[in-house]
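Undergrad: Residue 455 in numbering that gives the first Met the number 0 sits at position 456 of the sequence shown, with consecutive numbering throughout. The beta carbon of each residue, even a glycine, is placed where N, CA and C say it ideally should be. My questions all concern the structure below.
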Amino acid sequence: MFRALETCGKPVAVALEGLALGGGLELALACHYRVAAKSPRLQIGLPESKVGLLPGGGGTQRLPRLMGAMKALPYLLEGKSMTAEEALANGVVHEVVEPGQALDAAKAWIRTKGDAVAPWDRKDFKIPGGGPYTPGGAQVFIMGNAMLRKQSYGNYPAQKHIMSCVYEGLQVPIDAGLRIESRYFVKTLQQPQARAMIRSLFLSMQELSKGAARPKDVPPYDVKKAAVIGAGMMGAGIAYVQAMAGIETVLIDVTVEAAEKGKSHAQGLLEKQVKRGKLDRAKADAVLGLIHATADYAAVKGCDLVVEAVFENREIKAEVTRKAEAELAQTAVFGSNTSTLPITGLAEVSARPANFIGIHFFSPVDNMGLVEIIMGRQTSQETLAKSIDYVLKIKKTPIVVNDSRGFYTSRCFGTFVQEGLEMLAEGVAPAIIDNVGRMTGMPRGPLEMNDDVALDLSYKIGEQTKKDLGDAYVAPKFQPLLEKMVVQLGRYGRKNGKGFYDYPADGGPKRLWPGLLELVTPTMTEAPPAFVQELKTRLLYRQAVEAARCFEERVVTDPRDGDVGAILGWGFAPWTGGPFSLIDSVGVAAFVAECDRLAQAYGPRFAPPQLLRDMAAQGEGFYGKDKARAA
Ligand code: NAD
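Below is the structure:
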C-alpha cells in the first residue's frame with residue numbers, strides 16, 4: 000500500500016505534529032514531502048527493534064536510502080527517535096515549521112512544487128555514502144556487524160535481520176528491497192524472542208503502566224502533596240521525580256542541612272536537563288520550588304502520602320513511622336522504601352497497618368523506570384490502589400508483589416550474583432564468568448554487578464540470612480571468599496575502588512584485581528562452546544527457577560509483573576521477555592528436566608518447585624497453554 004501511494008503519480012505531502020513512530024514514520028517515508036513541527040511532542044523514529052521486531056513497512060529500505068546506511072543503522076538497530084531538527088539535518092524531513100503550521104506548509108508544497116517521484120525512483124539516484132558494493136559502503140557493514148555482535152552477542156534476531164535487510168536491500172531496486180524486507184520481517188516474527196519481547200516489553204509494559212494491577216473499585220487518588228523522609232541517595236532522587244510530576248514535596252532529614260543537601264541533588268539533576276535543552280529555566284525553577292527541605296515533621300501535615308527512605312535500620316524506621324503518622328490524615332498512605340526488611344514486620348509499629356505498604360524504588364531513581372510495590376499482610380486494597388496511582392503519577396511502572404525476604408527483585412537478582420560466585424569458588428576463571436554473564440544478555444557479568452551493589456552488602460545479607468534461618472542455613476561455597484575480601488582485605492566493590500576489580504582513581508577503565516588469583520585458583524581457564532553454554536544456562540536458569548519459586552510462594556501472582564519487573568528492575572536478559580517467558584519459551588517440561596539435571600550436577604539450588612512439575616504434567620505455561628509442550 001505504501002509503495003502504491005508512493006508511485007500513484009500524484010504528489011503526497013505529510014504533516015507531522017506529534018508521534019511518527021514505527022508504521023507512522025514508514026507511511027511518512029512513503030510520501031514525497033515531509034514537514035515536521037518543532038513541537039516537544041514530536042518524535043520521529045522506528046522503535047520496532049526495541050520489542051524484537053524490524054520495521055516491515057519499508058523502514059529498513061527508505062531510511063538508509065535517505066540518510067545513508069551508516070547514519071540510518073543506529074536508528075534502525077537501537078530504535079531511538081529524532082527531534083524535528085535532527086530529522087531535518089538527516090534529510091528525513093524536508094522542512095521544519097512552528098507547531099500548528101505543518102499542515103499549511105504541506106499543502107503549500109503541493110500547490111507550488113508538488114513532485115510525485117521519490118528520490119529512489121529516479122534514474123540518477125545514488126545512496127548517500129555509497130551502497131554496500133562501494134569501498135566506503137562496505138566498511139559500514141564490516142564494522143557494523145562486529146559492533147552489533149559485541150553489543151548483542153547474537154541474542155537478538157531482529158537486529159541481525161535488520162543488518163541483512165539493509166545490506167541486501169541496498170544492492171537492488173527498491174521494489175526488490177521491499178520484498179527482502181518482508182521476508183526478514185516474517186522470519187523475525189516467527190522467532191520466540193520476538194513473541195516474548197512484544198509480550199513483555201510492549202503489551203505487558205503498557206498494561207502495567209496503565210495500572211493493570213490496580214483494584215478497580217477504589218476511586219482515583221491524586222497525590223498532590225507528599226513527604227519524603229531521609230534525604231540521602233534514594234530520598235533525594237524520589238523528591239526529584241515527585242517534583243517533576245508536579246507534586247508538592249516535603250523533604251525531611253535529621254537536620255535542615257542534610258535535607259538541603261538532598262534538595263541540591265535534585266537541583267543538580269535539573270541543571271543537567273536545562274543544559275541539555277530538555278527543560279527550560281522557568282520550568283526547572285518551578286520544579287525546584289516544589290521541594291521544601293526541612294527537619295520539622297510538622298511539615299508532614301496535609302500530605303497525601305509519605306515515602307520513608309532513611310537508613311536500613313528497624314529502630315530508626317520505627318521512630319520515623321511514629322513521628323510521621325502523628326501528623327498524617329487517616330486516609331494518607333505510608334510507604335517504606337526498604338530494600339530488605341519485610342513490610343509486615345515494619346508495619347507492626349504503625350497505628351494503621353492497613354495504610355502501610357512497601358514502595359521500593361531502584362537506584363538511580365531518576366533513571367530507573369520500575370517501582371516494586373510490596374503488600375504487607377495487613378495492607379488494604381485501598382492503599383494498594385492509592386500507591387499505584389502515585390507511582391503512575393510519577394511516571395514509573397509499578398509491579399505488585401507480596402512480602403518475602405528480598406521481595407521479588409532483590410531475591411532473584413541475588414541468585415545471578417551468587418551463581419557467579421559459585422563458579423568462582425569452583426575454579427572458573429573470573430574473566431570467563433563475567434564475559435559469559437554478558438553473553439547471556441545481562442547488562443554486566445555477576446562479579447562486576449556484585450562490585451556495583453557492594454561486596455560488604457552481599458556479605459552482610461549472608462550473615463543476616465544465617466542469623467535468621469538458624470539451622471536451616473546452608474553456607475554457600477563462596478562465603479569464605481567473600482568474608483576474606485570484605486573483612487580482611489576491605490574490598491567493598493566499586494564504592495571504595497576495590498572489589499573483584501580495581502577502579503583507578505582517575506576514572507580509567509576497571510581491571511580485574513590481580514590478587515584475586517591468589518585467593519582462588521582457576522582450574523577452568525579455557526572456554527570451549529559447550530562449557531560456555533553450560534555456564535550461560537546456569538546463570539539464566541538459576542534466576543528463572545527462583546522466579547518460579549516466588550510464583551509458587553505467591554510473592555509474585557502475575558507473570559507480567561514478574562517479567563517486566565525482572566527486565567526493568569535488574570536487567571534480566573530482555574531477549575527472553577523475562578524469566579517466566581523464558582520458561583514458557585523453553586517449555587515447562589523441558590525446563591524442569593534441565594533443572595533436575597543441574598540440581599544433580601551442582602546442588603539443590605536448581606531444584607524445580609513442585610508448581611513447575613504440576614504445570615509440566617498438565618501441559619500448562621505461565622501464559623496459558625504451553626505451546627512448546629503441545630507441539
Ligand atoms: P542513605 O544513607 O544515602 O540515606 C539515608 C538518609 O536518611 C540520610 O540522609 C540520613 O541522614 C537520613 N536519616 C537517617 N535517620 C533519619 C531520621 N531519623 N529522620 C530523617 N532522616 C534520617 O541511604 P539510601 O541509599 O538512600 O537508602 C535509604 C533507604 O532506601 C534504605 O532503606 C535502603 O535500604 C533503601 N534502598 C536503597 C537502594 C540503594 O540502591 N541505595 C535501593 C532501594 C532501596
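Would you give the residue range spanned by the alpha helix (DSSP H) that F412 belongs to?
TA: Position 413 of the sequence shown, counting from 1, holds the residue named residue 412. Note, F412: alpha helix (DSSP H), 408–425.
Undergrad: So, helix, strand or coil for V95, using DSSP?
TA: The residue given as residue 95 occupies position 96 in the sequence shown. It is a strand residue.
Undergrad: Taking 8 Å as the threshold, find out whether the region 491–502 comes into contact with the region 449–458 through three or more Cβ pairs.
TA: Verdict: yes, contact present.
Undergrad: Taking 7 Å as the limit between beta carbons, can you name the residues of its chain near R510, skipping five residues before and five after?
TA: Here residue 510 refers to the residue found at position 511 when the sequence shown is read from its first residue. These residues qualify, in order along the chain: Y500, D501.
Undergrad: Are at least three pairs of beta-carbons, each pair with one atom in the region 543–555 and one in the region 343–356, less than 8 Å apart?
TA: Contact between the region 543–555 and the region 343–356 is absent, because fewer than three Cβ pairs lie under 8 Å.
Undergrad: Could you compute how far the alpha carbon of A211 sits from the alpha carbon of V305?
TA: Translated into positions along the sequence shown, residue 211 becomes position 212. Translated into positions along the sequence shown, residue 305 becomes position 306. Approximately 23 Å between the Cα atoms of the pair.
Undergrad: My output table needs one value for K215: the three-state DSSP class, helix, strand or coil.
TA: Position 216 of the sequence shown, counting from 1, holds the residue named residue 215. Coil, per DSSP.
Undergrad: Going by the DSSP bridge assignment, what does A35 pair with across the sheet?
TA: Translated into the one-based positions of the sequence shown, residue 35 becomes position 36. For A35, which the question treats as bridged, DSSP gives the partners L15, V95.
Undergrad: Mapping the DSSP letters down to three states, classify M441 as helix, strand or coil.
TA: Translated into the one-based positions of the sequence shown, residue 441 becomes position 442. If DSSP states are grouped into helix, strand and coil, M441 belongs with coil.
Undergrad: Name the residue from A606, A598, L611, A317 whose alpha carbon lies nearest to the alpha carbon of G586.
TA: Taking the first residue of the sequence shown as 1, we reach residue 586 at position 587. Checked all of A606, A598, L611, A317; the closest Cα to G586 is L611.
Undergrad: Taking 7 Å as the cut-off, is the C-beta of F360 nearer than that to any heavy atom in the ligand NAD?
TA: Looking up residue 360 in the sequence shown gives position 361. Yes, the ligand NAD has a heavy atom inside 7 Å of this Cβ.
Undergrad: Report whether the distance from the Cβ of V309 to the nearest heavy atom of the ligand NAD is below 7 Å.
TA: For the purposes of this step, residue 309 is identified with residue 310 of the sequence shown, where counting begins at 1. At least one heavy atom of the ligand NAD is nearer than 7 Å to the Cβ of V309, so yes.
Undergrad: Given that a residue counts as buried once 16 or more other Cβ atoms are within 10 Å of its Cβ, and exposed if not, what is Q632?
TA: Absent from the model: residue 632. The displayed extent of the chain is 0 to 630, so no value can be given.
Undergrad: Looking at the secondary structure, which residues open and close the beta strand (DSSP E) in which K224 lies?
TA: On the sequence shown, position 225 is the one that residue 224 refers to. It spans 224–228 - the beta strand (DSSP E) in which K224 sits, taken as one unbroken run.
Undergrad: Should G506 go down as buried or exposed, given a rule of 16 or more other Cβ atoms within 10 Å for buried?
TA: As a working mapping, residue 506 is identified with position 507 in the sequence shown. Label assigned to G506: exposed.
Undergrad: What residues in its chain sit with their C-beta under 8 Å from that of A283, if we drop five residues either side in the sequence?
TA: Walking along the sequence shown from the start, residue 283 turns up at place 284. So the qualifying residues of the chain are L269, E270, Q272, V273.
Undergrad: Check for me: the alpha helix (DSSP H) holding G561 runs from which residue to which?
TA: Residue 561 sits at position 562 when you count from the first residue of the sequence shown. Per DSSP, G561 belongs to the alpha helix (DSSP H) from 558–569.
Undergrad: Taking DSSP as the reference, what is the three-state secondary structure of T293?
TA: For this step, residue 293 is matched to residue 294 along the sequence shown. It is a strand residue.
Undergrad: Under 7 Å Cβ to Cβ from G631, same chain only, skipping five residues before and after it: list those, please.
TA: Since the first residue shown for the chain is 0 and the last is 630, residue 631 is missing from the structure and cannot be characterised.
Undergrad: Return yes when at least one heavy atom of the ligand NAD lies under 7 Å from the C-beta of M232, else no.
TA: Within the sequence shown, the letter at position 233 stands for residue 232. Yes, the ligand NAD has a heavy atom inside 7 Å of this Cβ.
Undergrad: Relative to the ligand NAD, is the shortest distance from any of its heavy atoms to the C-beta of T337 smaller than 7 Å?
TA: Here residue 337 refers to the residue found at position 338 when the sequence shown is read from its first residue. Yes.
Undergrad: Just tell me which of Y32, K385, P54 has its CA closest to the CA of K159.
TA: Here residue 159 refers to the residue found at position 160 of the sequence shown. Checking every option, the nearest Cα to that of K159 belongs to P54.
Undergrad: Determine, using beta carbons only, whether T339 and S409 come nearer to each other than 8 Å.
TA: Translated into the one-based positions of the sequence shown, residue 339 becomes position 340. Translated into the one-based positions of the sequence shown, residue 409 becomes position 410. It is a contact, given that the beta carbons lie within the stated cut-off.
Undergrad: Identify, in the order they occur along the chain, each residue of the same chain with its Cβ nearer than 6 Å to the Cβ of E259, setting aside the five sequence neighbours on each side.
TA: For the purposes of this step, residue 259 is taken as residue 260 along the sequence shown, with counting starting at 1. Cβ neighbours of E259 beyond the five flanking positions: A292.
Undergrad: By a C-beta neighbour count over all protein chains shown, 10 Å radius and 16 as the cutoff for buried, is A145 buried or exposed?
TA: By one-based count along the sequence shown, residue 145 stands at place 146. By the neighbour-count rule (16 or more Cβ atoms within 10 Å), A145 is not buried but exposed.
Undergrad: Provide the residue span of the beta strand (DSSP E) that contains G334, from first to last.
TA: Stepping through the sequence shown from its first residue, residue 334 is reached at position 335. 332–335 is the extent of the beta strand (DSSP E) around G334.
Undergrad: Does the separation of the CB atoms of V364 and I237 fall below 8 Å?
TA: Here residue 364 refers to the residue found at position 365 when the sequence shown is read from its first residue. Here residue 237 refers to the residue found at position 238 when the sequence shown is read from its first residue. Cβ atoms of V364 and I237: closer than 8 Å.
Undergrad: For L304, write down the residues that DSSP places opposite it in a beta bridge.
TA: Translated into positions along the sequence shown, residue 304 becomes position 305. Paired residue(s): A225, V332.
Undergrad: How long is the line joining the alpha carbons of L108 and Y32, rounded to whole angstroms?
TA: Walking along the sequence shown from the start, residue 108 turns up at place 109. Walking along the sequence shown from the start, residue 32 turns up at place 33. A quick correction: the sequence has Trp, not Leu, at residue 108. Rounded to whole angstroms, W108 to Y32 spans 8 Å at the Cα level.
Undergrad: Opposite Q80 in the DSSP bridges: which residues?
TA: Along the sequence shown, read from residue 1 onward, the residue named residue 80 stands at position 81. One detail in the question is off: residue 80 reads as Ser in this sequence, not Gln. BP columns for S80 point to G44.
Undergrad: Using only alpha-carbon positions, find the residue among L518, D174, Q170, L24 that is nearest to P479.
TA: The sequence position of residue 479 within the sequence shown is 480, counting from 1. Here the closest residue by C-alpha is L518.
Undergrad: Considering Cα atoms alone, identify which of Y166, G405, L468, A474 is closest to A424.
TA: The residue labelled residue 424 in the question sits at position 425 within the sequence shown. The shortest Cα separation from A424 among Y166, G405, L468, A474 belongs to A474.
Undergrad: Note down the Cα distance separating L45 from E25, rounded to an integer number of angstroms.
TA: Translated into the one-based positions of the sequence shown, residue 45 becomes position 46. Translated into the one-based positions of the sequence shown, residue 25 becomes position 26. Using only the alpha carbons, I get a separation of about 8 Å.
Undergrad: Considering only DSSP beta bridges, list what L632 is partnered with.
TA: Residue 632 lies beyond the range of the chain shown here (0 to 630); nothing can be said about it.
Undergrad: Quick one: Cα of V11 to Cα of A104, how far?
TA: In the sequence shown, residue 11 corresponds to position 12, counting from 1. In the sequence shown, residue 104 corresponds to position 105, counting from 1. In a straight line, the C-alpha of V11 is about 13 Å away from that of A104.
Undergrad: Identify whether L53 lies in helix, strand or coil by the three-state DSSP scheme.
TA: As a working mapping, residue 53 is identified with position 54 in the sequence shown. Of the three classes helix, strand and coil, the one that applies to L53 here is coil, per DSSP.
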